[in-house]
Amino acid sequence: MDDPHSALYPQTSFMKRFFSILLTAMAMLAVALLSAFAAMRFAIHGSEVEVPPLAGLTLAEAAHTAGRLGLSLRLENRFYSTTTASGHILGQSPSPGAVVRHEWPIRITESLGPQQVSIPNVVGQAERPASLELRKASLEVGVVAALPAPGESGLVLAQTPPPNAEGVDRPSVSLLLSEPLTSVPQGFVAPSFVGLSLSGAAAHARELGLRVYADVPAPAVSPPVVPAYHDSFFPGQMPAPTQQAPAPVVQISPSALVTGQSPQAGHRVLRGEPIRLTLAH
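The working numbering puts the first residue of the sequence shown at 1485, with every later residue one more than the last.
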């Protein structure tokens, strides 16, 4: 028998059925969303792994260990080391114990063992021959910078580490090249004169337009020594004579080694500025 209420109010009955279907659909959609969220969360966390310790392993051993966990290796640096044998892992990032996603790359540093290569002298060479000589010695070309200097451009003015240096940590040599004076402003970065002879440092400083002063440390038994201003560097610019007692005569050898400088290397200087060189005894 038909519901008299439905017959009297057909629109009300339709609305009830509509809301019932809508609520059922919403419930099913909520269940589906929760299931998808749970599956996605399981997939994300299920693919996370803990980074293993790789220090001390060979590259092949490290690649095998990382590969079993679904991780990859990325070689980023090579350093000399007296504690880790050549071809073994010196360091890693992320560090052991970190949790990363599947296929995450581990950046590693390879040990080259103790330094055995001799640093060649490439000062005075053009950039390309200098680079070839470094690579021939199993060294890499590091930072290449330029400094205004008269004469031919593109020549190596200085190198770091210096020739035959010991205790080098990386197999690379940085080069300082010459470039035309007209291509740069009057201000430039002061080069390093330490390790050069006085005559060589003075000549290079004059080429850059710097005025040179030389400080000679006094022996312990000698009276105080005043800074010497050598007339062979800038003829006609000796200080005017005074009525004071004459200062002790300071013998300056052109072959004396420069042990310090002011301003220091790397500081910005202007053409015409003075630079003070400290000499060895």
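Where is the CB? At the ideal position from N, CA and C, for every residue including glycine. These figures come from a predicted structure and were not determined experimentally.
* To do: Counting only runs of 3+ residues fully inside the segment 1614-1661, write out the beta strand (DSSP E) ranges in chain order.
  => Scanning the segment 1614-1661 for uninterrupted beta strand (DSSP E) segments of 3 residues or longer gives 1624-1632 and 1640-1644, listed from N- to C-terminal end.
* Give the secondary structure of H1548 by DSSP, where H, G and I count as helix, E and B as strand, and everything else as coil. => Position 64 of the sequence shown, counted from the start, is the residue given in the question as residue 1548. Secondary structure of H1548 (DSSP, three-state): helix.
* **Residue interval of the beta strand (DSSP E) (run including S1565)** => The residue given as residue 1565 occupies position 81 in the sequence shown. Unbroken run through S1565: none, as it is neither H nor E.
* Using the C-alpha atoms, what's the distance from E1611 back to Q1599? -> Sequence index remark: in the sequence shown, residue 1599 carries index 115 (1-based). Sequence index remark: in the sequence shown, residue 1611 carries index 127 (1-based). Going by the C-alpha atoms only, they are around 24 Å apart.
* Beta-carbon contacts of S1662 that lie in its chain and below 6 Å, excluding the five residues immediately before and after -> Sequence index remark: in the sequence shown, residue 1662 carries index 178 (1-based). Taken in chain order, the residues that qualify are A1633, S1637, L1639 and L1641.
* **Contact set for A1773: own chain, Cβ-Cβ below 7 Å, skip 5 residues either direction** => This structure cannot settle anything about residue 1773, because the visible part of the chain is limited to 1485 through 1765.
* Drop a sphere of 10 angstroms on the beta-carbon of S1746, count the other beta-carbons inside from all chains shown, and report buried for 16 or more, exposed for fewer. => In the sequence shown, the residue the question calls residue 1746 occupies position 262. Around the CB of S1746, fewer than 16 other CB atoms lie within 10 Å, so the residue is classed as exposed.
* How is the alpha helix (DSSP H) around A1698 delimited, first residue to last? -> Walking along the sequence shown from the start, residue 1698 turns up at place 214. Note, A1698: premise wrong, no alpha helix (DSSP H); beta strand (DSSP E) at R1695 to D1699.
* Nearest to G1684 by alpha carbon, out of P1738, E1594, P1655 and P1580? -> Position 200 of the sequence shown, counting from 1, holds the residue named residue 1684. Comparing Cα-Cα distances from G1684 to each of P1738, E1594, P1655 and P1580, the minimum goes to P1738.
* Asked: To which residues of the same chain is L1680 closer than 8 Å at the C-beta, ignoring the five residues directly before and after it?
  -> For the purposes of this step, residue 1680 is taken as residue 196 along the sequence shown, with counting starting at 1. For L1680, where only same-chain residues beyond five positions count, the Cβ hits under 8 Å are H1688, L1741 and V1742.
* When DSSP labels each residue in this structure, what does E1611 get in the three-state scheme? -> Locating residue 1611 in the sequence shown gives position 127, where the first residue counts as 1. The answer is helix: DSSP assigns E1611 an H, G or I state.
* **Neighbourhood of G1575 by C-beta, 6 Å cutoff - its chain only, sequence neighbours within 5 removed** => Reading the sequence shown from its first residue, position 91 is the one you call residue 1575. For G1575, where only same-chain residues beyond five positions count, the Cβ hits under 6 Å are T1593.
* Asked: In this structure, does DSSP put I1603 in helix, strand or coil?
  -> For this step, residue 1603 is matched to residue 119 along the sequence shown. Three-state DSSP puts I1603 in coil, outside helix and strand.
* Are A1749 and S1658 touching if we call contact CB-CB under 9 Å? -> For the purposes of this step, residue 1749 is taken as residue 265 along the sequence shown, with counting starting at 1. For the purposes of this step, residue 1658 is taken as residue 174 along the sequence shown, with counting starting at 1. Not closer than 9 Å, so no.
* Limits of the unbroken alpha helix (DSSP H) element including L1541 -> Within the sequence shown, residue 1541 is the residue found at index 57, counting from 1. Looking at the DSSP string, L1541 is not in any alpha helix (DSSP H), and its letter there is neither H nor E.
* Asked: Between P1604 and F1563, what straight-line distance do the alpha-carbon atoms span, to the nearest angstrom?
  -> Numbered from 1 along the sequence shown, position 120 holds the residue referred to as residue 1604. Numbered from 1 along the sequence shown, position 79 holds the residue referred to as residue 1563. Cα-Cα distance, rounded: 18 Å.
* Asked: By Cβ distance, which residues of its chain are closer than 8 Å to S1556, with the 5 residues on each side in sequence left out?
  -> Within the sequence shown, the letter at position 72 stands for residue 1556. So the list reads A1550, E1587, W1588, P1589 and I1590, once near-sequence residues are dropped.
* 8 Å Cβ shell around G1756 - same chain, five flanking residues per side excluded -> Position 272 of the sequence shown, counted from the start, is the residue given in the question as residue 1756. Around G1756, the same chain offers G1693, L1694 and R1695 as residues with beta carbons nearer than 8 Å, after the five sequence neighbours per side are excluded.
* What residues are listed by DSSP as bridge partners for G1575? -> Residue numbering aside, residue 1575 sits at position 91 when the sequence shown is read from its first letter. Answer is T1593, bridged to G1575.
* Note down, in chain order, each residue of its chain lying with its Cβ closer than 6 Å to the Cβ of L1553, except the 5 sequence neighbours on either side. => Counting from 1 along the sequence shown, the entry for residue 1553 is found at position 69. Only V1533 meet the Cβ criterion.
* Report all residues from its chain with a CB closer than 8 Å to the CB of T1542; omit the five preceding and five following residues, and keep chain order. => Taking the first residue of the sequence shown as 1, we reach residue 1542 at position 58. G1571, H1572 and I1573.
* Below 7 Å CB to CB, which residues in the same chain sit around V1627 once its five sequence neighbours on both sides are set aside? => Along the sequence shown, read from residue 1 onward, the residue named residue 1627 stands at position 143. Result list for V1627: S1658, in chain order.
* To do: Would you mind sorting A1509 into buried or exposed? The rule is 16 or more other CB atoms within 10 Å of its CB.
  => As a first step, residue 1509 must be located in the sequence shown, where it is residue number 25. Residue environment: A1509 is assigned as exposed (fewer than 16 neighbouring CB atoms within 10 Å of its CB, all protein chains considered).
* Is F1677 helix, strand or coil when you go by DSSP? -> Position 193 of the sequence shown holds residue 1677. DSSP places F1677 in the coil class of the three-state scheme, outside both helix and strand.
* To do: Could you tell me which of T1566, E1617, A1547 and A1520 sits nearest to L1559, measuring between CA atoms?
  => Along the sequence shown, one-based indexing puts residue 1559 at 75. Out of T1566, E1617, A1547 and A1520, A1547 has the C-alpha closest to the C-alpha of L1559.
* Asked: Taking the DSSP output, what are the residues bridged to V1742?
  -> Numbered from 1 along the sequence shown, position 258 holds the residue referred to as residue 1742. DSSP output for V1742 lists L1763 as bridge partner(s).
* CB contact flag (V1584, V1625, <9 Å) -> As a first step, residue 1584 must be located in the sequence shown, where it is residue number 100. As a first step, residue 1625 must be located in the sequence shown, where it is residue number 141. Not in contact: V1584 and V1625 (Cβ atoms no closer than 9 Å).
* Thinking just about the alpha-carbon of each residue, which of F1503, L1761 and A1674 is nearest to the one in A1698? -> Stepping through the sequence shown from its first residue, residue 1698 is reached at position 214. Considering only alpha carbons, the answer is L1761.
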